[in-house]
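Under full-length UniProt numbering, the first residue of the sequence shown carries the number 1, and numbering increases by one thereafter. Glycine is no exception: its CB is placed at the ideal position from the N, C-alpha and C atoms. To start, the structure under review is shown below, and the notes come after it.
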Amino acid sequence: MNIVFLDASTLHSGELDLSVLEQFGTLTCYPASSESEIPERIKSADIVITNKALMTAANIAAAPHLKLIVSCATGVNQIDLHAAKSTGVTVSNVAGYSTPSVAQHVFTYILNFATQIPQFNAESRDWPNFPIFTSLAHPCFDLEGKTLGIIGMGAIGEAVAKLAIAFGMRILVLERQGSPNSTLPELPRLSAEAFYSNCDFVSLHCPLTPDTEKCINTSVLGKMKSSAYLINTGRGPLIDEAALAQALSEGTIAGAAIDVLSSEPPATDNPLITCDHPQLVITPHTAWSTIEARKRLLAGVVNNIETFLEGAPANKIV
Numbered sequence: 001m002n003i004v005f006l007d008a009s010t011l012h013s014g015e016l017d018l019s020v021l022e023q024f025g026t027l028t029c030y031p032a033s034s035e036s037e038i039p040e041r042i043k044s045a046d047i048v049i050t051n052k053a054l055m056t057a058a059n060i061a062a063a064p065h066l067k068l069i070v071s072c073a074t075g076v077n078q079i080d081l082h083a084a085k086s087t088g089v090t091v092s093n094v095a096g097y098s099t100p101s102v103a104q105h106v107f108t109y110i111l112n113f114a115t116q117i118p119q120f121n122a123e124s125r126d127w128p129n130f131p132i133f134t135s136l137a138h139p140c141f142d143l144e145g146k147t148l149g150i151i152g153m154g155a156i157g158e159a160v161a162k163l164a165i166a167f168g169m170r171i172l173v174l175e176r177q178g179s180p181n182s183t184l185p186e187l188p189r190l191s192a193e194a195f196y197s198n199c200d201f202v203s204l205h206c207p208l209t210p211d212t213e214k215c216i217n218t219s220v221l222g223k224m225k226s227s228a229y230l231i232n233t234g235r236g237p238l239i240d241e242a243a244l245a246q247a248l249s250e251g252t253i254a255g256a257a258i259d260v261l262s263s264e265p266p267a268t269d270n271p272l273i274t275c276d277h278p279q280l281v282i283t284p285h286t287a288w289s290t291i292e293a294r295k296r297l298l299a300g301v302v303n304n305i306e307t308f309l310e311g312a313p314a315n316k317i318v
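Right, dumping it as structure tokens:
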């Protein structure tokens, strides 16, 4: 088997041993691959591994020996699934590897908003301008008794909810028609009107679908408390970014923490990138990326290839 990893730098920077993939055949790893480079790099590939590199219909057609595409991620939006299915190419992904990592990232955001540690840290070397070594310049608050609203009660939403409960927070879940409500069924499910107006934090953990695209928009932001914070570690297009930037600048909500954007890397004129609101935190899609999560991800890639070669592919998408 010829195995090509199109963007291995998304998984590691030297700290993981990718030679474990060599048990299945000849391995070629590229740190990253541009759209124009992909056809030549995969022309002899039997198996392609990709995190962000696009496997379009044209690229799939350029690989006549291709049998398996492994998404080195949970999402598969970088792969043309229709083209893969029509050409008999199996597609698999890796789910669940990043749940603890993302949950702790969400709570890092929440704790930073509650404690204002980044702001105090920035000022702590300038104490000659303060009469005593303390400051009330950035008001802090307890999480106990505050309300966290969760949109999408899957594995990550559940993990975030359990952390919030440990901090003494109240949890609300956005009601979704047709949901079995089987995860933490004791938590209140509220309609949108009641949900947004009662939350101190809103955290997004739902999949990106036509129904959820830009589900956070001007109308929704207007329903939130002016003291509320929005957190997105899900998918960038869940948020109307221009509407969020405007809501921040107008004081409609207090702040936001964003790990994902509508396009990555973002355009230089992305309204959130150009927004200088002091309570807007942006991280470059790193919520998933603890070393432990990446080890689990690599193990998932190995398992997907192994089970495919055994004739019983795990985590098969198409």
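- Close CB contacts of G251 within its chain, under the 8 Å cut and outside five residues either way in sequence, are with S226 (chain order).
- With contacts defined as CB atoms closer than 8 Å, L238 and C206 qualify as a contacting pair.
- Using a 10 angstroms sphere on the CB of C140, the tally of other CB atoms stays under 16, which defines it as exposed.
- The criterion of a C-beta distance shorter than 8 Å is not satisfied by L21 and A45.
- Counting only the Cα atoms, D259 lies some 19 Å from A161.
- Under the 8 Å Cβ criterion, the stretch 257 to 272 does not count as touching the stretch 121 to 139, having fewer than three qualifying pairs.
- Uninterrupted alpha helix (DSSP H) stretches at least 4 residues long and entirely within the stretch 58 to 86 occur at 81 to 86, given in chain order.
- Under a 10 Å Cβ-count criterion, A103 is classified as buried, with 16 or more other Cβ atoms of the shown protein chains found around its own Cβ.
- The C-beta distance from N303 to A293 rounds to 15 Å, too long to meet the 8 Å contact threshold.
- Judged by pairs of C-beta atoms under 8 Å, the stretch 90 to 104 does not touch the stretch 122 to 132, as fewer than three such pairs exist.
- Judged by pairs of C-beta atoms under 8 Å, the stretch 109 to 128 does not touch the stretch 176 to 191, as fewer than three such pairs exist.
- In the same chain as G25, and ignoring 5 residues on each side of it, the C-beta atoms closer than 8 Å to its own belong to M1, N2, I3, D46 and I47, in chain order.
- For V89, there is no enclosing alpha helix (DSSP H), as DSSP gives it neither H nor E.
- In the DSSP assignment, R170 falls outside any alpha helix (DSSP H) and lies within the beta strand (DSSP E) extending over R170 to L174.
- Taking 8 Å as the upper bound for CB-CB distance, I317 and L81 are in contact here, some 7 Å apart.
- By the neighbour-count criterion, in which a residue is buried when 16 or more other Cβ atoms sit within 10 angstroms of its Cβ, L111 is exposed.
- By DSSP's assignment, M55 forms a beta bridge with I79.
- Nearest to P266 by C-alpha distance, out of L297, P284, N181 and I117, is P284.
- DSSP places S179 in no beta strand (DSSP E); its state is neither H nor E.
- Counting C-beta pairs closer than 8 Å gives three or more between the stretch 145 to 160 and the stretch 184 to 204, which meets the contact rule.
- Sequence-distant partners of I156 (beyond 5 residues in either direction) whose C-beta falls short of 7 Å from its own C-beta, in its chain, are T99, V102, A103 and H205.
- V202 is bridged by DSSP to G149 and L230.
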